[in-house]
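Residue numbers (the numbering used here): 39 to 138.
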């Protein structure tokens with residue numbers, strides 16, 4: 039590798055380590071989760087207007103649950119994983135088929 043690439047790889051690795059360490063702070067976890075789920079809801083449900091309700095860790099499931107409220111008083115409760123960096127939507131009840 040050239041000296042230019044080595045220097046940028048070191049900076050990229052250092053930036054990734056700082057990001058992962060900062061993501062362990064509870065406030066940062068909530069901000070990351072809110073940002074990820076806001077993007078998810080905007081792409082998946084563009085016609086819905088949602089407002090943030092609450093964010094909590096559920097130890098029984100080992101995942102985070104973030105709740106939003108819509109204008110029609112419906113609730114959207116998304117399950118996020120993994121515990122270290124909750125940015126992936128694991129379960130979305132609105133996208134599941136309704137079974138009889």
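Beta carbons: idealized from backbone N, C-alpha and C, even for Gly.
- Look at residue 116 here: in three-state DSSP terms it is strand.
- If the five residues before and after residue 74 are omitted, its C-beta is found closer than 8 Å to the C-beta atoms of 118, 124, 125, 126, 127, all from its own chain and listed in chain order.
- Residue 79 counts as buried, since no fewer than 16 other beta carbons sit within 10 angstroms of its beta carbon.
- Cβ-Cβ separation between residue 71 and residue 99: approximately 15 Å, too far for a contact (criterion under 8 Å).
- In the structure shown, residue 125 falls within a coil segment according to DSSP collapsed to helix, strand and coil.
- With fewer than 16 other beta carbons inside 10 angstroms of its own, residue 54 counts as exposed.
- Rounded to the nearest angstrom, the gap between the Cα atoms of residue 67 and residue 45 is 29 Å.
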